[in-house]
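Residue numbers (UniProt numbering), protein chains in the order written: chain A, 1 to 235; chain B, 1 to 235.
Just so it is clear, CB atoms sit at the ideal spot from N, CA and C, and this is done for glycine as well.
Computed from a predicted model, the values in this text were never measured in an experiment.
There are 2 protein chains.
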Amino acid sequence: MARVLVVDEDPQVRRFLGVSLETCGHRVAEAENASDGLRLCQGRKYDLIILDPGVSDMTGLEVISSIRRRSAAPIIVLSNRADEATKVEALDRGADDYVVKPFGIGELMARMRAALRTSRPLLKPALVVVGDLRIDLSERRITRNGRDVHLTKREFDLLKVLASTPDHVISHHALLKAVWKTVRGDGVTYLRVYIMQLREKLERIPSRPTLIVTEPGVGYRLKTSGDQLSKGDGS
Amino acid sequence: MARVLVVDEDPQVRRFLGVSLETCGHRVAEAENASDGLRLCQGRKYDLIILDPGVSDMTGLEVISSIRRRSAAPIIVLSNRADEATKVEALDRGADDYVVKPFGIGELMARMRAALRTSRPLLKPALVVVGDLRIDLSERRITRNGRDVHLTKREFDLLKVLASTPDHVISHHALLKAVWKTVRGDGVTYLRVYIMQLREKLERIPSRPTLIVTEPGVGYRLKTSGDQLSKGDGS
DNA sequence: GGAGTCCATAAAGGAATCGTAAAGACCTTC
DNA sequence: GAAGGTCTTTACGATTCCTTTATGGACTCC
Chain A
1 MARVLVVDED
11 PQVRRFLGVS
21 LETCGHRVAE
31 AENASDGLRL
41 CQGRKYDLII
51 LDPGVSDMTG
61 LEVISSIRRR
71 SAAPIIVLSN
81 RADEATKVEA
91 LDRGADDYVV
101 KPFGIGELMA
111 RMRAALRTSR
121 PLLKPALVVV
131 GDLRIDLSER
141 RITRNGRDVH
151 LTKREFDLLK
161 VLASTPDHVI
171 SHHALLKAVW
181 KTVRGDGVTY
191 LRVYIMQLRE
201 KLERIPSRPT
211 LIVTEPGVGY
221 RLKTSGDQLS
231 KGDGS
Chain B
1 MARVLVVDED
11 PQVRRFLGVS
21 LETCGHRVAE
31 AENASDGLRL
41 CQGRKYDLII
51 LDPGVSDMTG
61 LEVISSIRRR
71 SAAPIIVLSN
81 RADEATKVEA
91 LDRGADDYVV
101 KPFGIGELMA
111 RMRAALRTSR
121 PLLKPALVVV
131 GDLRIDLSER
141 RITRNGRDVH
151 LTKREFDLLK
161 VLASTPDHVI
171 SHHALLKAVW
181 KTVRGDGVTY
191 LRVYIMQLRE
201 KLERIPSRPT
211 LIVTEPGVGY
221 RLKTSGDQLS
231 KGDGS
């Protein structure tokens, strides 16, 4: 999913991060000191850099500036120093986030997703919540009222496309291309079938959908706005 | 320097942040609850949003998703909840950073600078606003007074053409060619029908249109500058 | 004032699209 | 190789939308 560079002197931390990140589908490279890290991060080879500047062969936080000069990738600093002055300096030197050790792996991953999200042009939420429905795209998990809902691969892929830009109408063609890659025959017909199956599993009243709305002749839309923005109401 | 929106129920926090930010040259707006925050953050009016979702009139962290849906500005969550699950959900709902109260103002400002640094331009030119009418071409979505208005394909296409050059008269012929491609028979007749349907859905008083104005013998015009004062009220 | 032109509105048949059920094809698992 | 799950395909009734036609009002020009 993303190419991550881990720069940390502690081999245990490197191994722990390596395993955790790879099980999430990321590709991981490691460096055990600042100079290796600098050498590796040249160019546009990584999407994210996790860095402990703590004990390093460069003086203090200088390494952050150096990396920032060479790469535009987001930098998450991982350090056991918790004093405010250090945090401020790290951030001002170009770090995007600062996490104090010991850290929760879940939080770190969430911060990674947040950092990756902003570095990509389109902001796609990793978690879409509509009423009692929760669509967690990063965990590939759907729950309704806290209860797990099982979706097949195709169903999930379809929902994922709809949820990645909520409230947007997505054309038949775009959906077909995203889920089935190749559009053969009359694709719109499967769409109908799968949309129905999704509604069957997700809608309160499948025959009267409020979540997955059809736009005749155009496509479908995942509606998040039960959204009563209008409370002033005026008229 | 930057326009910042602070959403927090605690007036002390608001005042503290307001003073601190303004002494740094930022412009600050405040909201004391989620709905005010949501109302304010519409459009591209703020460069950064600082939000405490903790105690709110919306359930839990939902407010983050709602704000994210309306604004592309970075969101820094400020909360007294420090558990990992909450942090992860906040970040996955679209927050860019998460700071636990009590916080150091220096660290918060540094995190603000980091967030503003990476702040994305987010181009979304496909939005036309006419009075209380919002035409979002990319979402294919029309709202009036914040309320969704459903348009059929043809209706939408027609409105799109009118909205693409507001205040200009667009000839019957041009409209027909843009929406129906081929002009067969007496096209002007359908135009009339569709214009009427649009007015039915969009105008305040469909029989006395102020938005879609007809130019006899020529075409139609979408009027942005509502001089909906009493003009020739005649009958 | 009558004829003609252009426009607004309402209503209805037909066309296109959609929802739904059901059954065969394929693939894995035991 | 039987069972269970998933994917694809087909068919038909139901719905929505598009187009057409008809009628009446406002205005202009003779």
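DSSP lists A/I170, A/T214 as the beta-bridge partner residues of A/Y220. At a cut-off of 4 residues, the continuous stretches assigned as alpha helix (DSSP H) that sit fully inside the UniProt domain "Response regulatory" (3–116) of chain A are 11–23, 34–40, 62–70, 84–92. At least 8 Å separates the beta-carbon of A/E84 from that of B/G60. In the three-state scheme derived from DSSP, where H, G and I count as helix and E and B as strand, A/L127 is classed as strand. With fewer than 16 neighbouring CB atoms inside 10 Å of its own CB, B/H150 falls in the exposed class. Neighbours of A/A110 in chain B, taken as residues whose beta carbon is under 7 Å from its own, are K87, V88, L91, D92 in chain order.
When DSSP states are grouped into helix, strand and coil, B/I142 belongs to the strand group.
A/D97 has a beta carbon lying within less than 8 Å of a beta carbon in chain B.
Remark: C-beta atoms of A/L5 and A/L40 approach each other more closely than 8 Å.
For B/G25, the number of other beta carbons within 10 angstroms of its own is below 16, and it is reported as exposed.
For A/T210, the closest Cβ of chain B is not nearer than 8 Å. Using a Cβ-Cβ cut-off of 8 Å, B/G104 counts as an interface residue toward chain A, since at least one Cβ of chain A sits closer than that to its own. Rounded to whole angstroms, A/D36 and B/S35 show a C-alpha spacing of 50 Å. Listed along the chain, the chain A residues whose CB falls inside 8 Å of the CB of B/S138 are H168. For A/D148, the enclosing beta strand (DSSP E) has its first and last residue at 147–149. Cβ-Cβ distances below 6 Å link B/D136 to L127 in the same chain, with the five nearest sequence neighbours on each side left out; the list follows chain order. Residue burial annotation: B/R199 is buried, with at least 16 other C-beta atoms found within 10 angstroms of its C-beta. B/K201 has its alpha-carbon roughly 15 Å from the corresponding atom of B/K160. In the three-state scheme derived from DSSP, where H, G and I count as helix and E and B as strand, B/D136 is classed as strand. B/A114 belongs to the set of residues whose beta carbon lies under 8 Å from a beta carbon in chain A. Among the residues facing chain B, A/V4 is not included, as its CB has no counterpart in that chain under 8 Å away. Taking a C-beta distance under 8 Å as the contact criterion, A/V100 and A/I76 do not qualify as a contact pair. Only those residues of the stretch 18–44 of chain A whose C-beta falls short of 8 Å from the nearest C-beta of chain B would be listed, and there are none.
Think of a sphere of 9 Å around the beta carbon of B/R141: the chain A residues whose beta carbon falls inside it are D167, H168, V169, R221, in chain order. Distance between B/V218 and B/V130, taken at the CA atoms: about 22 Å. For B/S164, the enclosing alpha helix (DSSP H) has its first and last residue at 153–164. Of all residues in the stretch 193–217 of chain A, the ones placed with a Cβ closer than 8 Å to any Cβ belonging to chain B are E215, P216, G217, in chain order. The beta carbon of B/Q197 sits closer than 7 Å to the beta carbons of E155 from its chain, once the five residues preceding and following it are set aside; these are given in chain order.
With a threshold of 8 Å between beta carbons, B/T182 makes no contact with chain A.
For B/M196, the secondary structure class from DSSP, reduced to helix, strand or coil, is helix. In the assembly as shown, A/P11 is an exposed residue. Its beta-carbon has fewer than 16 other beta-carbons within 10 Å.
Remark: three or more beta-carbon pairs, one from each stretch, lie closer than 8 Å, so the stretch 63–73 of chain B and the stretch 87–95 of chain B are flagged as touching. Neighbourhood of B/K101 in chain A, by CB distance below 9 Å: empty, with the nearest CB roughly 14 Å away. Think of a sphere of 8 Å around the beta carbon of A/V129: the chain B residues whose beta carbon falls inside it are E62, S65, R93, in chain order. Here A/S119 carries a helix assignment [DSSP, helix/strand/coil].
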